[in-house]
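Colleague: Following the UniProt record's numbering, the numbering of the sequence shown begins with 1 at its first residue and continues without gaps. Every residue, glycine too, gets a C-beta built ideally from N, C-alpha and C. Below is the structure I would like to discuss, written out as structure tokens.
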Amino acid sequence: MKKLFLIIGAPGSGKTTDAQRIAQNNAESIVHYSTGDLLRDEVASGSEQGKIIDSFISKGNLVPLDIVVGTIVNAISNAPKDIIIIDGYPRSVEQMKALDEKLKSQSQVQLVSVIEVQVSQEVARDRVLGRARGADDNVEVFNNRMNVYTQPLKEIQAFYNQAKVLHAINGERSIEAIVSEMESFIKSKI
Numbered sequence: 001m002k003k004l005f006l007i008i009g010a011p012g013s014g015k016t017t018d019a020q021r022i023a024q025n026n027a028e029s030i031v032h033y034s035t036g037d038l039l040r041d042e043v044a045s046g047s048e049q050g051k052i053i054d055s056f057i058s059k060g061n062l063v064p065l066d067i068v069v070g071t072i073v074n075a076i077s078n079a080p081k082d083i084i085i086i087d088g089y090p091r092s093v094e095q096m097k098a099l100d101e102k103l104k105s106q107s108q109v110q111l112v113s114v115i116e117v118q119v120s121q122e123v124a125r126d127r128v129l130g131r132a133r134g135a136d137d138n139v140e141v142f143n144n145r146m147n148v149y150t151q152p153l154k155e156i157q158a159f160y161n162q163a164k165v166l167h168a169i170n171g172e173r174s175i176e177a178i179v180s181e182m183e184s185f186i187k188s189k190i
């Protein structure tokens, strides 16, 4: 059975970097997917679906539910390893419930934990605007992305707390300290 770890956090929380490092450190057993990267890859392909995705992410808005869930489920199904880390998912209550339904309807994948990388809005803003990777890294889009992240957060936390799979990590430390704690936690669950 595949074991799934979801990593959530504000834009700029470091969730993608943390997950990438853990997957690199454990390349023989762990595969990592970033929801944002999966969606950006589709945009870069120039496909019709990519154009639809781009019309949402260029404004910092959520991509339609069926597209995101399909992208995530496809990545999980085709994962070459049995331990899967996906960061940046879920970003809405609807995404959370849709994945929960998919997972309940099958026996190949088990959601082991949802790891929340916690950072203040100030730290997140400084990181995102300091890195400015693309057109979606500006103040207006950041504020929208932060709002999109924080609006459903309490309900997402409550849902995963009730399922006893939520684990919070302080994301305002060095990358090494965060990765070390997260990696130890993941290994303790497999």
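Among the candidates P11, M1, L4 and I7, whose CA atom is the shortest distance from the CA of G130?
Modeller: For this step, residue 130 is matched to residue 130 along the sequence shown. Comparing Cα-Cα distances from G130 to each of P11, M1, L4 and I7, the minimum goes to P11.
Colleague: Since I57 contacts M96 with CB under 8 Å, what's their CB separation in whole angstroms?
Modeller: The residue you call residue 57 lines up with position 57 of the sequence shown. The residue you call residue 96 lines up with position 96 of the sequence shown. Rounded, the Cβ-Cβ distance is 19 Å, inconsistent with contact.
Colleague: Going by Cα to Cα distance, which pick from I7, K2, F5 and D18 is closest to I178?
Modeller: To locate residue 178, count along the sequence shown from 1; it is residue 178. Nearest of I7, K2, F5 and D18 to I178, Cα basis: D18.
Colleague: Closest to S92 by CA distance: which of K59, V148 and I7 is it?
Modeller: Translated into positions along the sequence shown, residue 92 becomes position 92. When only C-alpha atoms are compared, the closest one is V148.
Colleague: For I190, name the three-state secondary structure that DSSP assigns.
Modeller: One-based indexing of the sequence shown puts residue 190 at position 190. Coil, per DSSP.
Colleague: As a quick exercise: from K102, E101 and R173, pick the residue whose alpha carbon is nearest that of V123.
Modeller: Translated into positions along the sequence shown, residue 123 becomes position 123. Per the Cα distances, R173.
Colleague: Buried or exposed: which applies to M1, given that a residue is buried once 16 or more other Cβ atoms fall within 10 Å of its Cβ?
Modeller: Reading the sequence shown from its first residue, position 1 is the one you call residue 1. Classification for M1: exposed.
Colleague: Secondary structure at N25, three-state DSSP: helix, strand or coil?
Modeller: Position 25 of the sequence shown, counted from the first residue, corresponds to residue 25. Residue state, collapsed to three classes: helix.
Colleague: For P90, count neighbouring C-beta atoms within 10 Å of its own C-beta (all shown protein chains included) and say buried if the count is 16 or more, exposed if not.
Modeller: By one-based count along the sequence shown, residue 90 stands at place 90. Its Cβ being crowded by 16 or more others within 10 Å, P90 is buried.
Colleague: Please go through the same chain and pick out, in chain order, the residues whose beta-carbon is closer than 7 Å to the beta-carbon of A23, but skip the five residues on each side of it.
Modeller: Walking along the sequence shown from the start, residue 23 turns up at place 23. Result list for A23: I30, V31, H32 and I85, in chain order.
Colleague: Use the C-beta contact count for V139: other C-beta atoms within 10 angstroms, 16 or more gives buried, fewer gives exposed.
Modeller: In the sequence shown, the residue the question calls residue 139 occupies position 139. The residue in question, V139, is exposed, as its Cβ has fewer than 16 Cβ neighbours within 10 Å.
Colleague: Note the first and the last residue of the continuous alpha helix (DSSP H) segment covering S55.
Modeller: For this step, residue 55 is matched to residue 55 along the sequence shown. Start and end: E48 to I57.
Colleague: Looking at the strands, I want to know which residues DSSP matches up with residue 192.
Modeller: The chain is shown only over 1 to 190; residue 192 falls outside these bounds and no answer can be derived.
Colleague: Suppose you measure from the CA of G46 to the CA of R127; what does that come to, to the nearest Å?
Modeller: Here residue 46 refers to the residue found at position 46 of the sequence shown. Here residue 127 refers to the residue found at position 127 of the sequence shown. If I take the Cα positions, the gap works out to 29 Å.
Colleague: When DSSP labels each residue in this structure, what does S105 get in the three-state scheme?
Modeller: To locate residue 105, count along the sequence shown from 1; it is residue 105. Reduced to three states, the DSSP call for S105 is coil.
Colleague: Alpha carbon to alpha carbon, how far is T71 from Q49? Give it in angstroms, no decimals.
Modeller: Against the sequence shown, residue 49 aligns to sequence position 49. Against the sequence shown, residue 71 aligns to sequence position 71. One C-alpha to the other measures close to 11 Å.
Colleague: Sorted by chain position, which residues of the same chain lie with C-beta nearer than 6 Å to G36's C-beta, five sequence neighbours on each side aside?
Modeller: Walking along the sequence shown from the start, residue 36 turns up at place 36. The residues are G88.
Colleague: For A168, which residues of its own chain have a beta-carbon under 6 Å away from its beta-carbon, when the five flanking residues on both sides are left out?
Modeller: Sequence index remark: in the sequence shown, residue 168 carries index 168 (1-based). The answer, listed in chain order, is E116 and Q118.
Colleague: Whose CA, out of S180, K189 and I190, lies closest to the CA of N25?
Modeller: Locating residue 25 in the sequence shown gives position 25, where the first residue counts as 1. That would be S180, whose Cα lies nearest to the Cα of N25.
Colleague: To the nearest angstrom, how far is the alpha carbon of D54 from that of I67?
Modeller: The count along the sequence shown starts at 1 and reaches residue 54 at position 54. The count along the sequence shown starts at 1 and reaches residue 67 at position 67. Computed Cα separation, rounded: 12 Å.
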